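Contents: one structure, followed by commentary.
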Amino acid sequence: MTEEEVEMQLNRLFHAAVGDPPGYVSLSAIRRLVVVRRIVMSVTVTVAIVLAGCVGLAVSADATGPTPASVSGQAGAPPRYYFEEGTINIKASPGFRQQNVIRATATGAVTGTVRCPWPHSNVGESAVAAPQTFYLTCFRGHRDAAQNFVTTGTRIYKFTLTGAGRPVGYSLVPGGVFPGESVGSLTVAASGSDFAAIVGPGRPGTGSKILVVNARTGARAAWRGDMLPGGVRFGTPELSLTASGRELGAFGRGKCVKKDQGCRSPGEEMLVLSPALKGGQIASGRKIFVQSQVVNPLDGFINDAFLTPDGTAAIAGVADSAFVGIVQVSASTGKTVRVLYRRNTGNGFSYRFLSVDPTGKYLLFDAGPPRGPVNGWINNGTLIRLKPQDDSAGSEAW
Amino acid sequence: VDAGGSGFADFVAARGAALQRTAWLLTGDWGMAQDLVQSSLARVWPRWERITRRDDPEIYVRQVMVNTWSTWRRRRWTGEHASRDPLDSPAPGDIATEVTLRLAVRQLLATLTDRQRTIVVLRIFDDLSEAQVAQVLGCAVGTVKSTMSQALTKLRDDPRLAELAEREIR
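Respectively, the protein sequence lines represent chains A and B.
What the first sequence shows, in my numbering, is residues 7 to 404, in sequence order.
What the second sequence shows, in my numbering, is residues 418 to 587, in sequence order.
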């Protein structure tokens, strides 16, 4: 049979088979449907308006600022999007493949790619101010004859996200140009008023300082000197700013350089430098805690620690051979006041990162047993795994 | 609810049965066909005046009908609602031959994908041009041609079509 014959055959069969409908559509039935559709639509619109009003009230209440009691792990909606830095997609490609993307927290869907607006530069570190304003270091460099990486310059940009999670509005941050220098440990106050970073020479070596920069005027203040009283050298700190930018938290490892004078290494410790924008000697900082106050120094470590936005506490990522966890430490007593998350790992642990959102409520954590680390956010002591679960992110921020 | 005035009532009276026949070929069930046509007409009624300003309102109605059917097919639930009136009334006389033919056509159409079935029904039963079918489905004319060709090849190779043709000759 040709196509035409098949068509004719089908035409005859269809008409013979269809016949007359057993009942006809009536205008009254259609009218009823129209009325029902209109009622459903008006009810839906009313409910949507009421819900939007409730959400608006909740948001405006939240905008008054975080409270100490709300520190981390509260039930509720976390930020809709997060920045995933340097994805190592182990399953997709055996080699290293760097991607800097924005992902939806709920689905893991990539909603945008983050790129440095500075030509020929690479994405370095990120930090976040509220509401989801991302600060980004972009650096240029090359490898020298000894294969050491030499940074030829760094710039700090910021961008925001659209409602759909697309990065927009890239702009150079005032005071964010560092010719010939490398920039690390970037942090930004939740209000966006100031940022801080460790700034050092482009070539590996000494001479690093902590710079606190007014993000509106570009005014800078430096914190220098890594020697603490008692012959302890304070190594490569991790920085955090309170929401107002007044206090700067510096977390690092103290190590004795003059053991013969009875010095004992304190291990990890955290200092508060205040007022941050005044600058001065790091040694003048107020000590919040030392390692032995938080974990057993014989087999435990503090991997990360941040000041909460209100400065009343520090949030620390800790681990020892049997567990990984997150604890809240009082800034006034140095004692652990709350365990926010704990996961028993058996023998050994794997730890990648801990990061906190600008409100201090929502934590992103990647750690676990050596053969099964998990990545997710903490909700009332439970880790909610992020998707996709086969990816292993270099770091995450929201 | 009287958008469109008597124009809409005239359209329902004139084309309601034809739309139901098309809907039966799509759904394979008279009850569902009636629901589909009623739902589609309920959607277009509030905008009837605007629709009639177009060249061919029936094409638009068929477009709504096909889209509504696609939506229903994607749903896990069937969208059934309780009805006061029975949808089927007893048929007069011996209907064995008619029912057998109807079942066979339904089985034949069931071998096609939703898109193939829609195109075959609109092209062959409703006698729409390829351009009109493309308009109803919101796709390219080339897509209609290729899908139609695939569907006809599939049906031609189906032994049930030859069997039905033989039965018709006898």
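Even for Gly, the Cβ is constructed at its ideal location relative to N, Cα and C.
None of the values given here were measured: they were computed from a predicted structure.
As the crow flies, the alpha-carbon of R209 of chain A is around 13 Å from that of T160 of chain A.
One alpha carbon belongs to A403 of chain A, the other to Y88 of chain A, and they sit about 6 Å apart.
Under DSSP, W229 of chain A shares a beta bridge with A:I216, A:G286.
The beta-carbon of F257 of chain A is placed no less than 8 Å from the nearest beta-carbon of chain B. Take the alpha-carbon of A431 of chain B and the one of L569 of chain B: they are about 31 Å apart. Per DSSP, E475 of chain B is one residue of the alpha helix (DSSP H) stretching across 474-491. The Cβ neighbour count for N154 of chain A, taken over all protein chains shown within 10 Å, is under 16; the residue is labelled exposed. Taking C-beta separations shorter than 8 Å and ignoring five residues to either side along the sequence, the partners of L578 of chain B in its chain run L525, L572, following chain order. Between F201 of chain A and T193 of chain A, the gap from beta carbon to beta carbon is short of 8 Å. Assignment of Q533 of chain B by DSSP, reduced to helix, strand and coil, places it in the helix class.
Under the DSSP assignment, I162 of chain A falls in the beta strand (DSSP E) whose first and last residues are 155-167. One alpha carbon belongs to R467 of chain B, the other to S457 of chain B, and they sit about 16 Å apart.
In terms of Cα proximity to Q299 of chain A, the closest of A:G340, A:F307, A:I162 is A:G340.
With the criterion set as a beta carbon lying under 7 Å from some beta carbon of chain B, the members of the segment 38-53 of chain A are L39, V40, V41, R43, in sequence order. In the displayed model, D310 of chain A falls within a strand according to three-state DSSP.
Between A196 of chain A and P315 of chain A the beta-carbon gap is near 5 Å, inside 8 Å, which marks them as a contact. Contact between L39 of chain A and A459 of chain B holds: CB atoms are separated by about 4 Å, below the 8 Å threshold. Per the Cβ contact rule, the segment 342-350 of chain A is not in contact with the segment 228-235 of chain A (fewer than 3 Cβ pairs under 8 Å). Contact with chain B is absent for F329 of chain A, since none of that chain's Cβ atoms lies less than 8 Å from the residue's Cβ. With respect to I108 of chain A, G171 of chain A sits close: the two C-beta atoms are nearer than 8 Å.
If you ignore the 5 residues before and after C144 of chain A, its C-beta comes within less than 8 Å of the C-beta of C122, P123, W124, S127, N128, V129, G130, T160, R161, I162, Y163, all in its own chain and listed in chain order. The secondary-structure analysis by DSSP pairs C144 of chain A across a beta bridge with A:V129, A:R161.
In this structure, the CA atom of S487 of chain B is about 49 Å from the CA atom of S356 of chain A. Residue environment for P84 of chain A: buried (at least 16 other C-beta atoms within 10 angstroms of its C-beta). Fewer than three Cβ pairs drawn from the segment 473-490 of chain B and the segment 51-61 of chain A lie within less than 8 Å of each other, which leaves the two stretches out of contact.
Straight across, the Cα-Cα distance linking L529 of chain B with A521 of chain B is about 14 Å.
When the beta-carbon positions are compared, S271 of chain A and K261 of chain A come within less than 8 Å of each other.
Just so you know, the alpha carbons of A328 of chain A and V49 of chain A end up roughly 55 Å apart. Among the residues facing chain B, G354 of chain A is not included, as its CB has no counterpart in that chain under 8 Å away. Between R259 of chain A and G273 of chain A the beta-carbon gap is near 7 Å, inside 8 Å, which marks them as a contact.
In the structure shown, S191 of chain A falls within a strand segment according to DSSP collapsed to helix, strand and coil. The Cβ-Cβ distance between L443 of chain B and T564 of chain B does not fall below 8 Å. Using a Cβ-Cβ cut-off of 8 Å, G433 of chain B is close to Y30, V31 of chain A, given in chain order. The three-state reading of DSSP puts D452 of chain B in helix, counting H, G and I together. Between L539 of chain B and L19 of chain A, the C-beta gap is not smaller than 8 Å, which leaves the two residues out of contact.
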